[in-house]
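Enquirer: What follows is a single structure, and I will ask about it in a moment.
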Amino acid sequence: MVDLSTSFCAIEVKNPIGVTSCDFGGNERLLRRCVEQGIGWIIGKTVHQIDGPHRWPRPYFYSLKRFGKELGDAFVCSQMFHNMPYERWRDDELPRCLETCRVHNVLFIGSCSGIGADADTWIPFLKDMEAAGVRMVELDTGGPHATFGAVNAQKEVGAPLAMDPKTAYQVTKACVEAVNIPIMFKMTPQCVNMAGVAMAVERAGAAAISANNSFYGCWIDHETGTFFGVPASMGGLMGRPWQLFSLAKVMEITATVHIPVLGGGGTFTYDDCVRYLMAGCGLAGLCSSLYSRGVEVLRRCIDGLSDYMDRKGYHRIQDFQGCVVKDFQYLRDWRRENPMAETTPIIPEFDADRCDQCGVCARVCPYGALSLDKTNDSVPRLNREYCCGCGWCVGHCRPHAIRCVHAETGEVVWNGFGTIADWIKTA
Ligand SMILES: Cc1cc2nc3c(=O)[nH]c(=O)nc-3n(C[C@H](O)[C@H](O)[C@H](O)COP(=O)(O)O)c2cc1C
């Protein structure tokens, strides 16, 4: 029997899967839909008192489905901060959200935004939420929509806060000192120096970091010759492939600081959640997948996580949480062939019993190093002169009939699973 319960900033949660800030945490009716799926936590929609980002263009979701199946889950989104008047949210909606979360044993995390590093524009929300019984607050310092959607005078709202370590430090410190509940800082993927911002936020006393907010994007309808949806750059890089980028940014954080991290971005399946947990995150969040797949995606992730742990013999989240962090490195630190030999010492090896002669490897080899004559060959032929030892064929072979080996010793370097072997014995 696996135990999904865990803790985040010393707060117990029944499982690590939840919903990051969006409509679903904006009112009790939508929140309930998620809570009933069995989630461990949910973040409220960002509240604020800034003119501009609460007035969204309607319609505000523009699905890219019809532009190709690769874009099936992608959309441009011109929705911004909460559009409900703050006082109504605080006095009416928040208590009802908290009560529903209490009944279902779900952690509710508040989310707010002020203007730039002006502490007075942040602290009232924190105090109100603390007084209402909110146990933790996320600073929405990462919103691309807010940056571009706020009126000109307030363009320091959103992502600019999370791109500069100095500003991030100021905002966080002021908020941390104002209340006694844990403060979580939300990252923007627009930040190049994410490790630097993470260190600044840790130094300022943040209890946790969440990563990442959405990237911005825009789309052009080639049939009409006009922008698709809004004629502007907005939250837009949605969909599962976006996880690659977000995960890399999360690794920059977890490999650098020692405070808890809430990870998300392109999270659609249970294994996506596992990846964020293995990357050192304490919680794994979903957002846009609820929109493109329905709220049931949450239940599937929770059940999938439980089955996965059972299958792997993990009893608790901590059995695998952060397991890859110690191995993270920047490519500049990778041991290299010196000089890089013209004839590759690493070549593909074919398993005749598994190969079904589909010819995909020969078709996709960028270097034209593989050929297959189905009448004479049982496996593809290798042109050693052209082969670069790149491993592309390994990843494309559906029956797993190819692996990369060391040409001289036959030692396996990569079989298409996990990390390539460090085959260079001398630097
Ligand atoms: C419709 C929608 C509304 C969002 N609203 C907010 C918001 O109010 N505050 C915030 O911090 N992030 C907001 N986000 C960003 C998400 O919380 C999340 O960080 C981002 O979408 C990346 O995760 P995903 O790839 O799982 O969607 C919103 C995202 C979407 C799709």
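Per this note's numbering, residue 2 is the first one in the sequence shown, and the count goes up by one each step. Heads up, the beta-carbon is just placed ideally off N, CA and C, and yes, glycines get one too.
What span of residues does the alpha helix (DSSP H) with R103 cover, start to end?
Expert: Position 102 of the sequence shown, counted from the start, is the residue given in the question as residue 103. Run containing R103: L95 to V104, per the alpha helix (DSSP H) assignment.
Enquirer: Apart from the five residues just before and just after G230, which ones in its own chain have a Cβ nearer than 6 Å to its Cβ?
Expert: Along the sequence shown, one-based indexing puts residue 230 at 229. Taken in chain order, the residues that qualify are Y63 and V77.
Enquirer: From the DSSP output, which residues share a beta bridge with P349?
Expert: Translated into the one-based positions of the sequence shown, residue 349 becomes position 348. Per DSSP, C405.
Enquirer: Just to confirm my understanding: we take I1, look at its own chain, exclude 5 residues before and 5 after, and list those with CB closer than 7 Å. What are they?
Expert: Because the chain spans 2 through 428 in this model, residue 1 falls outside it and cannot be assessed.
Enquirer: Measuring straight from C-alpha to C-alpha, what distance separates L291 and C394?
Expert: For the purposes of this step, residue 291 is taken as residue 290 along the sequence shown, with counting starting at 1. For the purposes of this step, residue 394 is taken as residue 393 along the sequence shown, with counting starting at 1. Taking the straight line joining both Cα atoms gives about 34 Å.
Enquirer: Y63 bridges to which residues according to DSSP?
Expert: Along the sequence shown, read from residue 1 onward, the residue named residue 63 stands at position 62. Bridge partners of Y63: V77.
Enquirer: For ligand 1, I want to know if D141 counts as a neighbour, meaning its beta carbon is within less than 6 Å of at least one of the ligand's heavy atoms.
Expert: Within the sequence shown, residue 141 is the residue found at index 140, counting from 1. Answer for D141: yes, Cβ within range of ligand 1.
Enquirer: Under three-state DSSP, which class holds C113?
Expert: As a position in the sequence shown, residue 113 is number 112, starting the count at 1. Correct three-state label for C113: strand.
Enquirer: Using a Cβ distance threshold of 8 Å, determine whether the region 372-390 contacts the region 332-341, with at least three qualifying pairs required.
Expert: With the cut-off at 8 Å, the region 372-390 and the region 332-341 do not touch.
Enquirer: Compute the Euclidean distance between the alpha carbons of A11 and G392, then round it to the nearest angstrom.
Expert: Looking up residue 11 in the sequence shown gives position 10. Looking up residue 392 in the sequence shown gives position 391. Distance between the alpha carbons of A11 and G392: 44 Å.
Enquirer: Taking all protein chains shown into account, decide if C282 is buried (16 or more other Cβ within 10 angstroms of its Cβ) or exposed.
Expert: Taking the first residue of the sequence shown as 1, we reach residue 282 at position 281. Counting Cβ neighbours within 10 Å, C282 comes out buried, since at least 16 surround it.
Enquirer: Mind checking P145: buried by the 16 CB within 10 Å criterion, or exposed?
Expert: Position 144 of the sequence shown, counting from 1, holds the residue named residue 145. P145 should be labelled buried.
Enquirer: What are the boundary residues of the alpha helix (DSSP H) that G396 is part of?
Expert: Position 395 of the sequence shown holds residue 396. It spans W393 to H397 - the alpha helix (DSSP H) in which G396 sits, taken as one unbroken run.
Enquirer: Would you tell me roughly how many angstroms separate the C-alpha atoms of A428 and I182, rounded to the nearest one?
Expert: The count along the sequence shown starts at 1 and reaches residue 428 at position 427. The count along the sequence shown starts at 1 and reaches residue 182 at position 181. Unreliable placement is indicated for A428, whose pLDDT of 46 sits below 50; the coordinate value is still reported in the next sentence. Answer to the nearest angstrom: the Cα atoms are 50 Å apart.
Enquirer: I'd like the list of long-range same chain contacts for M188, defined as Cβ closer than 8 Å, with 5 residues on each side in sequence excluded.
Expert: Here residue 188 corresponds to residue number 187 of the sequence shown, with the count starting at 1. Cβ within range, chain order: T142, G143, A163, M195, V198, A199, I210, S211, A212, N213, N214, K250 and I254.
Enquirer: Comparing the CB of T189 with every heavy atom of ligand 1, is any distance shorter than 6 Å?
Expert: As a working note, residue 189 is residue 188 in the sequence shown. T189: no, Cβ never under 6 Å from ligand 1.
Enquirer: If you check the beta carbons only, do V14 and M310 fall under 7 Å apart?
Expert: Taking the first residue of the sequence shown as position 1, residue 14 is located at position 13. Taking the first residue of the sequence shown as position 1, residue 310 is located at position 309. Their beta carbons are not under 7 Å apart, which means V14 does not touch M310 by this criterion.
Enquirer: If we ignore side chains and look at the alpha-carbon of each, how far apart do C102 and A133 end up?
Expert: Residue mapping note: residue 102 aligns to position 101 of the sequence shown, counting from 1. Residue mapping note: residue 133 aligns to position 132 of the sequence shown, counting from 1. For C102 and A133, the distance between alpha carbons rounds to 13 Å.
Enquirer: Mapping the DSSP letters down to three states, classify L248 as helix, strand or coil.
Expert: In the sequence shown, counting from the first residue as 1, residue 248 sits at position 247. Helix, per DSSP.
Enquirer: Does DSSP classify T7 as helix, strand or coil?
Expert: Counting from 1 along the sequence shown, the entry for residue 7 is found at position 6. Of the three classes helix, strand and coil, the one that applies to T7 here is strand, per DSSP.
Enquirer: Since G390 contacts I348 with CB under 8 Å, what's their CB separation in whole angstroms?
Expert: Locating residue 390 in the sequence shown gives position 389, where the first residue counts as 1. Locating residue 348 in the sequence shown gives position 347, where the first residue counts as 1. Their Cβ separation, rounded to whole angstroms, is 6 Å, which keeps G390 and I348 in contact under 8 Å.
Enquirer: What does Y217 pair with, by DSSP beta-bridge criteria?
Expert: As a working mapping, residue 217 is identified with position 216 in the sequence shown. According to DSSP, which records beta bridges pairwise, Y217 is partnered with G236.
Enquirer: Measure the C-alpha to C-alpha separation of I18 and C274 and round it to an integer number of angstroms.
Expert: Translated into positions along the sequence shown, residue 18 becomes position 17. Translated into positions along the sequence shown, residue 274 becomes position 273. In a straight line, the C-alpha of I18 is about 7 Å away from that of C274.
Enquirer: Does S307 come out as helix, strand or coil in the three-state DSSP assignment?
Expert: Numbered from its first residue, the sequence shown carries residue 307 at position 306. In the structure shown, S307 sits in a helix (DSSP, three-state: H, G or I).
Enquirer: Under the assumption that P346 contacts H407 (Cβ atoms under 8 Å), give the Cβ distance between them as a whole number of angstroms.
Expert: Start at 1 with the first residue of the sequence shown, and residue 346 comes out as number 345. Start at 1 with the first residue of the sequence shown, and residue 407 comes out as number 406. Their Cβ separation, rounded to whole angstroms, is 6 Å, which keeps P346 and H407 in contact under 8 Å.
Enquirer: Using only the alpha-carbon positions, how far apart do R276 and F246 sit?
Expert: By one-based count along the sequence shown, residue 276 stands at place 275. By one-based count along the sequence shown, residue 246 stands at place 245. About 13 Å.
Enquirer: Is it right to say W335 is buried, meaning 16 or more other beta carbons lie within 10 angstroms of its own, or is it exposed?
Expert: Indexing the sequence shown from 1 puts residue 335 at position 334. W335 should be labelled exposed.
Enquirer: Got a sec: does ligand 1 put a non-hydrogen atom nearer than 6 Å to the Cβ of T268?
Expert: Here the question's residue 268 lines up with position 267 in the sequence shown. Checking the Cβ of T268 against ligand 1 gives yes.
Enquirer: Per DSSP, E13 forms a beta bridge with which residues?
Expert: The residue you call residue 13 lines up with position 12 of the sequence shown. According to DSSP, which records beta bridges pairwise, E13 is partnered with S8.
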